[in-house]
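To keep things clear, I will list the structure first and then write my remarks on it.
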Amino acid sequence: MGAEGGKIACCASDDITKRCTADVQNNDFLNGVPACPGFDRKTRLETREEVQENTHLSQWTVYGDESKYKGQMLHGKRHGRGVGLTASGQQYEGEWRDDQRHGHGKQSWKDGRLYEGQFKDGKFHGHGRMEWHTQRGMMVFEGQYVEDIKQGVGVYTWPDGRLYDGEWVQGKRSGRAVYVNSHGERKLSTWADDKLQRWTDASDDEPQRRQWKDDKLERWSATVLDPRGLTK
């Protein structure tokens, strides 16, 4: 399946893009997402000494790190709705509070990564959708984040149609989930620390167990289940 036993990969910051790309190509799996530092640097405005409160900037304002901003400001800080650009090509459009991305917004990267959802104090926090492209196709995670880390429930989709829909703890698949293989078969399952522990069919007296071979899940021959894990 390409994800099992893989290292937790990154996905947001440009200074680790090369390592991210390698992790995606080798493991097809991304977990924890560090903050994007380009929008959070507190630097002096180069284009004006002071921005008055409740100002809406219709022109781009350039910061000392060559990032740009256009939108609402309060007490000289980005506050309200606005668009931010970094020198490395990242773009954020959405809500700001006290110079941080905060509320609903959309962030994109030059390599095609795209996140849309909730932010808190400059980090992914709440419900969000992250997509990125690999040589095998697009991968998507949609679910809950806590301070840039997948935490709660979420759906992870691979290019070949595989899908994990279930619980996450500290950026890893942990807890109960529905797993769908590339043939469209669904199984209830239990996971811990990003690894499959057992299959748990509703009709089973004993949980089924399967092994990984060549980093891929061996196809099962049991009943096909609906998304709730019940026999069709």
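FYI, UniProt numbering numbers position 39 of the sequence shown as 39, with every residue one higher than the one before it.
For glycine and all other residues, C-beta sits at the position ideal for the given N, C-alpha and C.
These figures come from a predicted structure and were not determined experimentally.
- Considering only GLU95, LYS70, ASP99 and TRP109, the residue with the shortest C-alpha distance to SER88 is TRP109.
- The residue from VAL83, HIS79 and LYS68 with its alpha-carbon nearest to that of TRP96 is HIS79.
- At a Cβ-Cβ threshold of 8 Å, GLY122 and ARG101 count as neighbours.
- Relative to the Cα of GLN91, the nearest Cα in the group GLN107, HIS133 and GLU66 belongs to GLN107.
- As DSSP reads the structure, ALA192 sits in a beta bridge with LYS195.
- In the DSSP assignment, ALA177 falls within the beta strand (DSSP E) that extends over 172-180.
- Boundaries of the beta strand (DSSP E) around GLN72: 68-74.
- In terms of Cβ geometry, GLY94 and HIS104 form a close pair [threshold 8 Å].
- ARG176 sits exposed, since fewer than 16 C-beta atoms from the chains shown fall within 10 Å of its C-beta.
- Shown here, LYS110 sits in coil according to DSSP, grouped into three states, outside any helix or strand.
- It is roughly 30 Å from the alpha-carbon of VAL153 to the alpha-carbon of GLY82.
- If you ignore the 5 residues before and after ARG162, its C-beta comes within less than 7 Å of the C-beta of MET1, VAL180, ASN181 and SER182, all in its own chain and listed in chain order.
- About 14 Å separates the CB atoms of MET130 and TRP158; that is not less than 8 Å, and the two are not in contact.
- Within the stretch 119-164, the runs of beta strand (DSSP E) at least 3 residues long that lie entirely inside it are, in chain order, 123-134, 137-146 and 149-157.
- Taking all protein chains shown into account, GLN144 has 16 or more neighbouring C-beta atoms within 10 Å of its C-beta and is therefore buried.
- By the criterion of a C-beta distance shorter than 8 Å, GLN59 is surrounded in its chain by LYS70, once the five residues flanking it on both sides are discounted.
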